[in-house]
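Just below is one structure, and these are the notes that go with it.
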Amino acid sequence: MKLQVKTGDITRLDIDAIVVNLFEGVSNPEGATQSVNKAMGGTISNLIDLGEIKGKLGELTLIHTQGVIKPKRVLVAGLGLKEKFDQDVIRSVSGSIVRFLNSKQIKNYATILHGGGGGSIKTEHAARSVAEGTLLGAYKFNGLKSKKAKQHIEQITIVEKDKSKIDDIKLGLDHGMTIASSVSLARDLVNQPANYMTPSDLVDIATDICEGTTLDLEVFDENKMRELKMGALLGVAKGSVVPPKMIIIKYTGDPKNPNNNIGLIGKGITFDSGGISIKPSGGMAAMKGDMAGAAAVISAMKAISDIGPNINVTAIAAATENMPGGNAQKPGDVVIAMNGTSIEVDNTDAEGRLVLSDAVSYGVQLGLKRIVDIATLTGAIEIALGKVTTGAFSNNPELVGQVIEAGREAGEKIWELPTFDEYRELYKSDVADLKNVGGRQAGSITGAMFIGEFAKEVAWVHLDIASTSTSAKTSGLVTKGATGIPVRTLIYLVLALSKD
Ligand code: BES
Ligand code: ZN
Ligand code: ZN
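Count along the sequence shown starting at 1, add 170, and that's the number in this note's numbering.
Shown next, in the form of structure tokens:
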């Protein structure tokens, strides 16, 4: 599927369909929608008068032109209320449009630039949102089906009357396509079954991403982990015959200022059976997605290296299975993390914080000045925030503010939960420095704070994506299965920090 921009009059194109839009409650359309309406002899206004077109968000009305104008069809897309219009509406509407027109077996369509009509959204950002929404709305995981779902759409053209806007639109489309391709990659990795997405498979993907770029890839195997004394990660890996890997990808965008850096650290449990504290079998298959944090940090690096911001970024993915093999760690075992902290493993199913304790310790040792860890950490986050919002936890108000703001720009909702010292009581152990579970209370907070213990003085944010990394339904730019959250937030964050 190709996205391009060209100048011209959309009503005169010889094409399968053109797309125009309408805000809710508008009875007299403006701009390109009005041009199309006039060329059609008032069909759109008639439908508005009849109450058939209301402009509600998500409303799609297909009109067959029957030769009255050159384009064969006109699709009128509702944008919802003008006051609520933002980049995320553009993404969502663009995603619904591409799926709708694909279902009509349309090959080529042209669209006006939603949000390009001189409102508060920059032209470049409107184009970026169209690209993100369109490509992500069209996303399908075809993985292992012998019959692939058909993608009919071949080409989408944004038609712009004003020549002076073309360069901005091109740049926006370019960034949007790069970002969407990283998000699609993350979705693919998470949707892939666990037998096709082992730690070694993640290494192969990382190798592909780094090839032919300036990204530097390092992979730690079990021996290296032992040498570095990563006892917490190795404790989790012990229960599986599949070897663990730690994947480190470095992007050097500001070589003169090594301290201008950020680390993105992902939980990469390629299957979480729970280990000896085994999970119930119902729904266990969903635990193939317990590497969504690792998928996000690896995928984000692809767009970061393509866009080339002026900052140094290190991604660390801690990848292993969590299995109940004969050599598995047992509840009550004590493991020693890389930084010397002893941990009582009270529940082997709280494995994410164990692998991350070593990954974060390693990041601190590398000299990272900011750390954002991303993990499908707790079922409790879905109880707190539902499937709408990612939970954020931090020791640094500035960094968490920047992460939340990047999420807002990216259209990925993030909300901060507290990390008050009083909660530390909950994960104290009688036999070790820390215990890997904190009981029923505040489960997402104790999980997060456990990881924060290893960040020490480094500015740190933890994102719990256990509920937001997958979606039960397709809607807007979201498709059923993996969402690719928070890849966009990570990319937008790195771009925003590189401007400081
Ligand atoms: N991977 C799970 C968390 C999870 C749950 C992710 C649902 C996605 C959907 C994690 O390793 C886990 O099992 N957490 C336990 C922690 C508990 C033992 C303290 C949980 O949430 O029950
Ligand atoms: Zn678990
Ligand atoms: Zn897990």
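Yeah, the Cβ is synthetic: ideal placement off N, Cα and C, and Gly gets one too.
Note to self: Run through the DSSP bridge pairs and tell me what HIS632 is partnered with.
What the structure shows: Translated into the one-based positions of the sequence shown, residue 632 becomes position 462. HIS632 pairs with ASP543, PHE563.
Notebook entry, point to check: Would you call the segment 647-660 and the segment 563-579 in contact, with 3 or more CB pairs under 8 Å?
Noted result: yes
Notebook entry, point to check: Where ILE513 and LEU604 are concerned, what is the direct C-alpha to C-alpha distance, given to the nearest angstrom?
Noted result: The sequence position of residue 513 within the sequence shown is 343, counting from 1. The sequence position of residue 604 within the sequence shown is 434, counting from 1. So the alpha carbons of these two residues sit roughly 5 Å apart.
Checklist line | Through-space distance from VAL504 to SER273, alpha-carbon basis | finding: For the purposes of this step, residue 273 is taken as residue 103 along the sequence shown, with counting starting at 1. For the purposes of this step, residue 504 is taken as residue 334 along the sequence shown, with counting starting at 1. Distance between the alpha carbons of SER273 and VAL504: 55 Å.
Checklist line | First and last residue of the uninterrupted beta strand (DSSP E) at ILE432 | finding: Here residue 432 refers to the residue found at position 262 of the sequence shown. First-last of the beta strand (DSSP E) with ILE432: 431-442.
Checklist line | CB-CB length for VAL389 against ILE417, believed under 8 Å | finding: Against the sequence shown, residue 389 aligns to sequence position 219. Against the sequence shown, residue 417 aligns to sequence position 247. Indeed, because the Cβ distance is near 6 Å, the residues count as touching under 8 Å.
Checklist line | Three CB pairs or more closer than 8 Å across the segment 195-204 and the segment 341-359 | finding: no
Next item on the list: Give me the Cβ distance between ILE432 and VAL664, rounded to the nearest whole Å; I'm assuming they're in contact under 8 Å.
Entry: The sequence position of residue 432 within the sequence shown is 262, counting from 1. The sequence position of residue 664 within the sequence shown is 494, counting from 1. With a Cβ gap of about 7 Å, ILE432 and VAL664 count as contacting.
Check: Is the Cβ-Cβ distance between ILE541 and VAL530 less than 8 Å?
Finding: Within the sequence shown, residue 541 is the residue found at index 371, counting from 1. Within the sequence shown, residue 530 is the residue found at index 360, counting from 1. Taking 8 Å as the Cβ cut-off, ILE541 and VAL530 qualify as a contacting pair.
Notebook entry, point to check: To the nearest whole angstrom, what separates the beta carbons of GLY342 and ALA308, a pair I think is in contact under 8 Å?
Noted result: Numbered from 1 along the sequence shown, position 172 holds the residue referred to as residue 342. Numbered from 1 along the sequence shown, position 138 holds the residue referred to as residue 308. Not a contact, Cβ separation roughly 18 Å.
Checklist line | Under 8 Å between C-beta atoms of LEU547 and ALA636 | finding: Counting from one through the sequence shown, the residue named residue 547 turns up at place 377. Counting from one through the sequence shown, the residue named residue 636 turns up at place 466. A contact, by the Cβ cut-off of 8 Å.
Item checked: Coil, strand or helix - ARG182 by DSSP -> If you number the sequence shown from 1, residue 182 lands on position 12. Reduced to three states, the DSSP call for ARG182 is helix.
Notebook entry, point to check: If you run the structure through DSSP and keep just helix, strand and coil, what is GLU294?
Noted result: For the purposes of this step, residue 294 is taken as the residue at position 124 of the sequence shown. Here GLU294 sits in helix by DSSP.
Notebook entry, point to check: Are the segment 368-375 and the segment 458-474 touching, with three or more C-beta to C-beta distances below 8 Å?
Noted result: yes
Checklist line | SER519 beta carbon near ligand 1 (any heavy atom closer than 7 Å) | finding: Within the sequence shown, numbered from 1, the residue matching residue 519 stands at position 349. Ser is not the amino acid found at residue 519; the sequence shown has Asp there. Correct: ASP519 has its Cβ closer than 7 Å to ligand 1.
Notebook entry, point to check: Does ligand 3 have even one heavy atom less than 7 Å from the beta-carbon of ILE621?
Noted result: The residue labelled residue 621 in the question sits at position 451 within the sequence shown. Checking every heavy atom of ligand 3 against the Cβ of ILE621, none is found closer than 7 Å.
Checklist line | Alpha-carbon spacing of THR181 relative to GLY211, whole angstroms | finding: The residue given as residue 181 occupies position 11 in the sequence shown. The residue given as residue 211 occupies position 41 in the sequence shown. Going by the C-alpha atoms only, they are around 12 Å apart.
Check: So, do the segment 417-427 and the segment 391-400 have three or more beta carbon pairs nearer to each other than 8 Å?
Finding: no
Next item on the list: Taking only the alpha-carbon atoms, compute the straight-line gap between GLU229 and GLY201 and give it to the nearest angstrom.
Entry: Translated into the one-based positions of the sequence shown, residue 229 becomes position 59. Translated into the one-based positions of the sequence shown, residue 201 becomes position 31. GLU229 and GLY201: Cα-Cα distance of roughly 19 Å.
Note to self: To test your reading of the DSSP string, which unbroken alpha helix (DSSP H) runs of 4 or more residues are found completely within the segment 171-245?
What the structure shows: 201-209, 213-219
Check: Is the closest heavy atom of ligand 1 to the C-beta of GLY111 under 7 Å?
Finding: Because the chain spans 171 through 670 in this model, residue 111 falls outside it and cannot be assessed.
Checklist line | C-beta atoms of TYR421 and LEU385 nearer than 8 Å | finding: Reading the sequence shown from its first residue, position 251 is the one you call residue 421. Reading the sequence shown from its first residue, position 215 is the one you call residue 385. For TYR421 and LEU385, yes; Cβs fall inside 8 Å.
Check: From what residue to what residue does the alpha helix (DSSP H) around TYR662 run?
Finding: Looking up residue 662 in the sequence shown gives position 492. Segment 657-669, the alpha helix (DSSP H) holding TYR662.
Next item on the list: Under the assumption that ILE468 contacts ILE419 (Cβ atoms under 8 Å), give the Cβ distance between them as a whole number of angstroms.
Entry: Locating residue 468 in the sequence shown gives position 298, where the first residue counts as 1. Locating residue 419 in the sequence shown gives position 249, where the first residue counts as 1. The Cβ separation is near 7 Å, so the contact holds.
Note to self: Using a Cβ-Cβ cutoff of less than 6 Å, which residues in the same chain neighbour GLY409 once the five nearest sequence positions on both sides are dropped?
What the structure shows: Your numbering for residue 409 matches position 239 in the sequence shown. Counting only Cβ-Cβ distances below 6 Å, and skipping sequence neighbours, we find GLY445, MET493, PRO494, GLY495, ALA498.
Note to self: On the criterion of 16 or more Cβ atoms from any shown chain inside 10 Å, does LEU271 qualify as buried, or is it exposed?
What the structure shows: Working through the sequence shown from its first residue, we reach residue 271 at position 101. It is buried - the Cβ of LEU271 has at least 16 other Cβ atoms within 10 Å.
Check: Are GLY265 and LEU232 touching if we call contact CB-CB under 8 Å?
Finding: To locate residue 265, count along the sequence shown from 1; it is residue 95. To locate residue 232, count along the sequence shown from 1; it is residue 62. Cβ distance not < 8 Å, so GLY265 and LEU232 don't count as in contact.
Notebook entry, point to check: Which residue's Cα is closest to the Cα of ARG610: ALA507, ALA562, VAL558, ASN517?
Noted result: Sequence index remark: in the sequence shown, residue 610 carries index 440 (1-based). Nearest in C-alpha terms to ARG610, of all of ALA507, ALA562, VAL558, ASN517, is ASN517.
Checklist line | VAL138 CB to nearest heavy atom of ligand 1 below 7 Å | finding: For residue 138 there is no data in the structure shown, the boundaries of the chain being 171 and 670.
Checklist line | ALA364 versus VAL268, GLU595, VAL244, ILE439, residue with shortest Cα-Cα distance | finding: Indexing the sequence shown from 1 puts residue 364 at position 194. The candidate whose alpha carbon is nearest that of ALA364 is ILE439.
Check: So which of GLU623, MET367, GLY556, ARG357 has the shortest CA-CA distance to ASP528?
Finding: As a working mapping, residue 528 is identified with position 358 in the sequence shown. Among GLU623, MET367, GLY556, ARG357, the Cα nearest to that of ASP528 is on GLU623.
Check: Any heavy atom of ligand 2 within a distance shorter than 7 Å of the CB on GLY452?
Finding: Here residue 452 is taken as the residue at index 282 of the sequence shown, counted from 1. Not so, every heavy atom of ligand 2 lies at least 7 Å from the Cβ.
Notebook entry, point to check: So, is LYS626 buried or exposed, given that buried needs 16 or more other C-beta atoms within 10 angstroms?
Noted result: As a working note, residue 626 is residue 456 in the sequence shown. Flag for LYS626 reads exposed.
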